[in-house]
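All remarks here apply to the structure that follows.
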Amino acid sequence: EAQVDWFFVDHPGLGKLSGFTLILSYSRYAFAHLFPRFSFEFFIEGHLQAFGYMGGAPHALRYDNLKSVVLKREPLTYNAGFLEFARHYGFEIRLCNPASGNEKGRVERLIRSIRDTFLNVADHHQSLPALNQALPQWMREKNTTIHRTTEAIPLEKKKGEKLKPLPDRKWNNVLIHLPKLPTKTGFMIFDTNLYSVPEHAAHQPLSLHVFVDRIEIY
């Protein structure tokens, strides 16, 4: 099993950043990455990067009540896009009970450690790429240092984890929005930004395809 959660950073130069964390429950081997937002496409990207970093996928992943995972508990309704993603990688979704953050205490402690150490010097890095070069170095040191609870080195103990091999076909991480008409002035609106469209397309429904690094309009 692994535990997953977000944490948030108020960077003096970059504004609010979203940190994705995933930690293997047995070995305490961990991954973290910072994103500009915590929307669904970045949530999926965090998983993809973590699976690649660890060389496989856990058999189960534990979450709290993240809307990217579960829309409501009664009746239990999963986010359809995330459920499809979980089926593609073959892992079980496990949910914490409401208001029971202690059920994912390993990832909570990891986030506290990131806040108490790495984030104390985060403002030394003036760009998101610079932060995401420094954070993996911090994680490598943590993964190769004896863990206080297990009294073992996570990297060494990870050899006992039975991760699932990754499928041959990597997940296509794109969030497709339902078609809608542009504004009267020929713009598509997404995440408070305006995207202009050619005049010949300005009077018909258009669909936004959202990737982590670009927007495509069809």
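First residue of the sequence shown: 1195, per the numbering used here; consecutive thereafter.
Here a beta-carbon is modelled for each residue, glycine too, at the ideal position from N, C-alpha and C.
Exposed or buried, which one is residue i when buried takes at least 16 other CB atoms within 10 Å?
i: Asn-1291; result: exposed
i: Lys-1298; result: buried
i: Ile-1383; result: exposed
i: Leu-1388; result: exposed
i: Phe-1202; result: exposed
i: Ile-1340; result: exposed
Is DSSP giving residue i helix, strand or coil here?
i: Ala-1324; result: helix
i: Tyr-1220; result: coil
i: His-1403; result: strand
i: His-1241; result: helix
i: Arg-1288; result: strand
i: Lys-1352; result: helix
i: Asn-1314; result: helix
i: Lys-1364; result: coil
i: Lys-1210; result: strand
Output the boundary residues of the alpha helix (DSSP H) element that contains residue i.
i: Val-1203; result: It is not in any alpha helix (DSSP H) - Val-1203 instead sits in the beta strand (DSSP E) that spans 1196-1205.
i: Glu-1410; result: Counting along the chain, Glu-1410 falls outside any alpha helix (DSSP H), though it belongs to the beta strand (DSSP E) covering 1409-1411.
i: Leu-1265; result: No alpha helix (DSSP H) holds Leu-1265; the beta strand (DSSP E) holding it covers 1264-1266.
i: Phe-1276; result: 1274-1283
Report yes if the C-beta distance between residue i and residue j is below 9 Å; otherwise report no.
i: Leu-1360; j: Gly-1250; result: yes
i: Lys-1358; j: Ser-1221; result: no
i: Arg-1226; j: Phe-1214; result: Reading off the sequence shown, one finds Ala at residue 1226, where the question assumed Arg. Yes, the pair counts as a contact, with Cβ atoms nearer than the cut-off.
Distance, Cα to Cα, residue i vs residue j?
i: Glu-1345; j: Ile-1370; result: 46 Å
i: Glu-1393; j: Glu-1302; result: 50 Å
i: Trp-1365; j: Glu-1278; result: 10 Å
i: Arg-1408; j: Val-1368; result: 10 Å
i: Ala-1224; j: Leu-1216; result: 6 Å
i: Pro-1323; j: Phe-1232; result: 17 Å
Over what stretch of residues does the beta strand (DSSP E) that includes residue i continue unbroken?
i: Arg-1423; result: Limits of the chain in this structure are 1195 at one end and 1412 at the other, which puts residue 1423 out of reach.
i: Arg-1303; result: Note, Arg-1303: premise wrong, no beta strand (DSSP E); alpha helix (DSSP H) at 1299-1310.
i: Leu-1388; result: 1387-1390
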